[in-house]
Amino acid sequence: LATNVAETSLTVPGIRYVVDTGLARVKRYSYRNKVEQLQVEPISQAAANQRAGRCGRVADGVCIRLFDELDFQGRPRFTDPEILRSSLAAVILRMKSLHLTEIESFPFIEPPPGRAIADGYQLLAELGAVDDDNALSPLGRELARLPLDPRVGRMILAARDQQALSEVLVIASALSVQDPRERPADAQEQADEAHRRFADDRSEFLQWLKIWKWFGEAVAHKKSNRQLVDACRAQFLSHLRLREWRDVHSQLLTVVREHGWRLNESEATYEQIHLALLTGLLGNVGLKADDEPHYLGARGIKFYLWPGSTLVKKAGRWVVAGELVETSRLYARCLAKVEPEWIEKVAGHLLKKSLSEPHWEKRPAQVTAFERATLYGLPVYHRRRVAFGRQDPARARELFIRGALVEGEFDTKLGFFAHNRKLLADIEQLEHKSRRQDVLVDDELIFAFYDQALGAGVYTGAAFERWYRDEVKKSGQAEDKLRLLYLSRDDLMRHEAAGVTTDLFPKRLTMAGVEMGLAYHFEPGSPRDGVTLTVPLYALNQVDQRRTEWLVPGMLKEKVHLLLKSLPQKLRRHCVPLPEYAAAFVERHETRVGARPSEAMRGASGLVEAVIADVREQTQVALKSTDFKLETLPAHLFMNFKVVDEHGRQLAMGRNLAQLRGELGADAQRHFQQIAAGAALNSADAAQAARPSGEAKRETGGTRARDAGGAPGVVAAGASAAATTALYDNLTTWNFGKLPELLEIRRGGQTLFGYPALVDRTTHCDVEVFDSPEEAARIHRAGLRRLFALQLREPIKYLEKNLPGLREMAMQFMPLGTQEALRDQLIDTALDRACLQEPLPDDDASFHARRDEGKGRLSLLAQEIARLVGQILSEYAAVTKKLAQAKPFAAAYADMQQQVQALMGKRFVVDTTYAQLAHFPRYLKGIAQRIDKLKADPARDARAFAEMLPLVQQYQRAQSARGGVADARLAEFRWLLEELRVSLFAQELRTPMPVSIKRLHKVWESMQR
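First residue of the sequence shown? That's 96 in the numbering used here, and the numbers climb one at a time after it.
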C-alpha cells in the first residue's frame, strides 16, 4: 500500500505490486487562520509516478491506482513547493539578519504569494521581532542569531528573562519533535492509564517536564539499552522519539550556553513558565465561548479541545495551545490554563485598546474612562478605569468643569467652591419650596462662566488647585478679595422667587415638644416629592395627624383649592371661584388663630374639618368629610414622614402615618420609654412618697433633675437608658405618691411629653411612661385593676371558687374561650365596678380609700354580673343555633353573623361597659326575632336592611380609617346602630331612646362637622 512516506523511501527488493489510493495527508499552513493543517488531498502526477516506481527494482511490477485515468490527467504535474505551503517568518527573519534584499523582490524560482509574505511579517510583529516599519527590532536581532524556529526562539528569550530557561528548553524541544507518547489502536485504554501519571491538572506543557524527568532517571539507572527500551514500551513511550527529543534539547542547550545564558537553579513557577511560552504562542490563545462547546481564537477562529486532552473537561476560561491543527475540525492540542493578566503582560504591543464613557470621578479627582483591550479580537479586559486626560485634554477639561465645578463633585478647601455650592443649594431650595424649576439658571450658563475663566489644559483636581493658587498669587490679592470664580446671586437666578419666606416654608415643625426638620423637594413621581417631616423614632406616636394635614403655610392655599375642586359639582359651585375662596380661607384662618403664618397651624383641628366649618359659615352649605375625594389630590399635598433612629439613619418613609405606626409604633414606644427611664419624677409629691421596707422602688436621676431646677412633674433624661424602662417597679400597692397625668421629659434642649401609667405584670405592677395619652389610659386602667386585685387577694380567691353558675356559663362560653378566661373576665368586671369608677385614684390616699370602699361591694357586684352574663350567654347559644335557619337569605345571614361576632368577642365581658352590657340580651333577642320575621317576609327585611346599610358602611369606613385608635363618638354611634337594628327588625323589644334612619343620618352628619 503506497503512502507519501513511500515516495521518498528506498525501493525495496521483492515488491511486485503497489496499491495507490491517490491520497495523502499534506501539511499546509493556513495564512487566513494562522494554523497548520493536515488535510487529506489528492496527490500530484509526479507523486503518483513516484509511488508506482516503488515496485520495479528487480523486474517490472504492477501499480493498481484506486482512481481513474481522467482523474489522474486532471491533477497538477508536481507537488506544491514547501515554500508555498509554509510560514515564511523564519525565512524573512534570516534574510533580514543577513541584509539580503527584501523578500518581495528576491528571485525565487517560484515566488511565494503576497499574503504568505504578509503573514510572515505579521508573525514576526506578534513575536516583537520587527517594528511598525518591518525593520528588525533589538529582539528580532537576538532571534535571528538563534538557529531556531522564531516561535521557539521567542519562548527561550522570554524564559531567560523569566528565570525559567531549564523548564522551557525541555518544553520547547518537545514541541519541536514528534510526540513520543504512543497510543496503539489495540491498547488505547492501557496507554491512557500509563500516560496519566505524567498528567497535570492545569497544563499539558508540564507533562513534558514529568516525562523528561522520568526518562532522565530511567537513563541514569539503566542496566542495558534493552532494559531502557522495555521500560519506555511499558510506559507507551517511543524510545526513538525520546532520544530525538534529547538530541534537540542538547542542541538548544548548546545554543544557550554559546550565548552565555545561565540556567535557573531554582524551580520556576507555573506563571514564569507559561509567561515564557505565551510569548511564542499568542496566536494560539483561546477564550471559552459562553454556553458553547468551542473556544474563540485569534482573528475570529473557533477551535475545539483535542478529545484526548487531559484538560478537555477541566480547561479554564482562557487557554493557550501548543498547536492548532485542522482535520475534521480545528483542534487545539497541548493545552494550558492561563490568566488574562499574563496575556496583557506579554502582548502589550499587540493589544488594541479603546476608551468609552469618559466621566468625572470625585475620589481620584480626575476624568476617568473605561478601557477595553483586545488581542486579535479576544477581550483581554474591559471597563478598566484609566485616566482620560491625556487622550483628549479638551474633552477632559469640559468633563472636569461639568462634574467638579458645575455638579459640585469635588473635594477642595478653596473658598469659592463652598460659597458657590451654598448659593446653589439655597436657590435650589427656593425651587423646591415654590415647586417651579425656572428660578435657577441652566447648567450651561454656569458651565460657560467657569469655561471662560478656567485656563486651558486643566482637567484634574490637583492641576486645578495649582492653577487657582497661581492665579491668586499673580494678582497679589487675598482670595476673598480677588473673588476668582465666585458666583453671585444674580449670576444664578433668572428671577426672584417671590413669596418663598421662612414663615411660609419653615425649616422645622414642633409637635409634642419635639422639634422636627422639614425638607422640601420638587420631583413629581418621586417618593420625596413635596414636604418631608423627619420624625425621630421616639416621637413617632406623638405626631399629630390632624396637624400634618395643614402641611406648611406656603402650600396651604394650593391644598385647599384642590380639596374644594374634589367636591361634587353641586357642592363645589357654592365656593367659586375656587382659587379666591382658598386664598380667603387662609386669610380667615390666620385671623381666627391670630398668629404668624408659620404658627397658625398649631393646635388646629384637621384641615378637612376646618374647611367644612368655614364653608358652612360662609355659604350655609353642610359638607361631609366623605364629600371630598382625597384620592384625587396629588401626593405632594400629603405630608411625607421619614422616621429616623438616634443616628439619623432612615428606618421607614411614607405618607401613611397609621401604616408607619403599625410597623414601628411598638419600637417607637420602647425607645420613648428608654429615654424616660433614664430620668425620674421630680415632683414634690414624688419626693414625699412613702417608702416601706421590702418594697422595691426606683427613681433614677432624681437628684440630677432637681439640680437642673426641674419643676414638679419634670423628668431630666439621663446619659444612658437604664436596664428597665420602669420609673417604679415591683409594686403590689400604691406607695409612690401622686401620679401626674402629664410628664415633661427634658432631652437635649427639647421638652418631650410623656404619660405615666401603671402596667400590669400579673404578679406586680410597674409605672412606665407612654408616648400616647390614649395608650397610657388603656394600659393604666388594666394596671390599676391589677393593683386592686393584688390588694384584694382574699375576696378574689373566694369569688374564684364561688361564682354562681360558672360551670353552666362556661359550657355556653366554649366557642369563645375557657372557663378560666370567663371567670377572670367576670372578676375583672366586678373589680371595675367596685374600684375603677371615675375619677380614678391618682395617689396613695385615694387608692386605699377606693380599695376599702370596693372590698365590701365586690362579692355582690360579681354575683350581679354573673347573672347578667349567664343571661347573655343563654341568648347567645340560642341565637347561634337559630342562625342556621337564615342561611338561605345570604345578605341578611351575613349581616346577622357579622353582628353576633361584633357583639360576642372573646373578651366581650370586660371590654364592654356594664351599662352597655346590660343591653346585650335585648340585642341578641332582636336577632332571634329578626330570623323569625325573615322567614315570613324576606322582602320587608331586605328593604329595612338596604335603608340601614349606608350607615353601617359609613361607620365601618370611619372605624377602619382610625387605624385602631379609639374614638368616643364612633363608639357611641356603634351602639346607636345596634338600637336601630332593634327598631327595624324587633320593634316590640323597644329602645331606650328614639332611633330611626333619618335620626342616625343627622347624627352622622353632625359628627363630620
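The C-beta atom is built at its ideal place from N, Cα and C for all residues, glycine as well. All of these numbers come straight from a predicted model, not from anything done at the bench.
C-alpha gap between residue i and residue j, whole angstroms
i: Gly760; j: Ser700; result: 23 Å
i: Leu372; j: Arg394; result: 20 Å
i: Thr196; j: Leu188; result: 12 Å
i: Met1088; j: Ala1023; result: 21 Å
i: His344; j: Glu221; result: 25 Å
i: Arg172; j: His334; result: 39 Å
i: Arg240; j: Leu193; result: 10 Å
i: Ala1066; j: His514; result: 59 Å
i: Gly698; j: Ile541; result: Annotation note: pLDDT 47 at Gly698 (below 50); position unreliable, no value reported.
i: Gly550; j: His444; result: 35 Å
i: Glu237; j: Ala184; result: 15 Å
i: Ala677; j: Met734; result: 19 Å
i: Gln283; j: Ser319; result: 28 Å
i: Tyr893; j: Gln932; result: 23 Å
i: Asp274; j: Trp309; result: 16 Å
i: Gln907; j: Met606; result: 50 Å
i: Trp829; j: Arg642; result: 37 Å
i: Asp1036; j: Leu728; result: 40 Å
i: Asp927; j: Glu1100; result: 34 Å
i: Glu493; j: Gly571; result: 28 Å
i: Val414; j: Arg321; result: 40 Å
Option nearest residue i by Cα separation, candidates the options
i: Gly843; options: Arg1052, Val609, Leu882, Ala1063; result: Val609
i: Leu898; options: Leu955, Phe883, Arg856, Glu870; result: Leu955
i: Ala363; options: Ala427, Arg357, Val263, Ala294; result: Val263
i: Cys158; options: Leu518, Phe848, Tyr112; result: Tyr112
i: Ser661; options: Glu618, Phe723, Thr643, Pro619; result: Phe723
i: Arg683; options: Ala705, Pro672, Arg668; result: Ala705
i: Val1077; options: Lys1097, Gln1054, Lys1028; result: Lys1028
i: Met909; options: Thr1086, Tyr971, Glu889; result: Tyr971
i: Ile840; options: Ala717, Phe865, Asp325, Met999; result: Phe865
i: Arg952; options: Gln980, Ile891, Val324; result: Ile891
i: Asp521; options: Thr596, Arg561, Lys576; result: Thr596
i: Leu1113; options: Trp309, Leu370, Leu579, Leu926; result: Any answer about residue 1113 is impossible in this case: the structure gives the chain only from 96 up to 1104.
i: Leu1108; options: Asp937, Gly620, Leu917; result: Shown here, the chain extends from 96 to 1104; a query on residue 1108 therefore has no answer.
i: Val739; options: Phe942, Thr627, Gly552, Leu494; result: Thr627
i: Val862; options: Ile874, Leu376, Glu869; result: Ile874
i: Phe680; options: Leu657, Lys665, Glu1074; result: Leu657
i: Ala548; options: Tyr563, Lys305, Arg1094; result: Tyr563
Per-residue DSSP class, three states only, for residue i
i: Met1043; result: helix
i: Val130; result: Unreliable positioning characterises Val130 in this predicted model, as indicated by a pLDDT of 48, which lies under 50. A coordinate reading is not provided.
i: Thr463; result: strand
i: Ser423; result: coil
i: Pro631; result: strand
i: Tyr563; result: helix
i: Gly552; result: coil
i: Asn825; result: strand
i: Val739; result: strand
i: Asp802; result: Confidence at Asp802 is low in this model, with a pLDDT of 30, below 50, so the placement of that residue should be treated as unreliable; the coordinate-derived value is given next. It is helical.
i: Pro846; result: First, the amino acid is wrong: residue 846 is Thr here, not Pro. Note: Thr846 maps to strand in three-state DSSP.
i: Glu1100; result: helix
i: Val153; result: coil
i: Lys122; result: strand
i: Trp645; result: coil
i: Ala678; result: helix
DSSP bridge partner residues for residue i (one or two, in chain order)
i: Asp861; result: Val854
i: Phe398; result: Tyr390
i: Ile159; result: Val114
i: His669; result: None, per the DSSP bridge assignment.
i: Ala1037; result: Paired residue(s): none; Ala1037 is not in a bridge.
Cβ of residue i within 8 Å of any chain E Cβ
i: Tyr823; result: No chain E is part of this structure, which consists of one protein chain only.
### Query
Pairing CB atoms from the region 258-273 with CB atoms from the region 472-486, are three or more of them under 8 Å?
no
### Query
Within the chosen definition, does the region 647-659 reach the region 595-608 through at least 3 CB pairs nearer than 8 Å?
yes
### Query
Is it true that the region 851-861 meets the region 965-985, where meeting means three or more beta-carbon pairs spaced less than 8 Å apart?
no
### Query
Between the region 502-509 and the region 455-465, do three or more beta carbon pairs fall short of 8 Å?
yes
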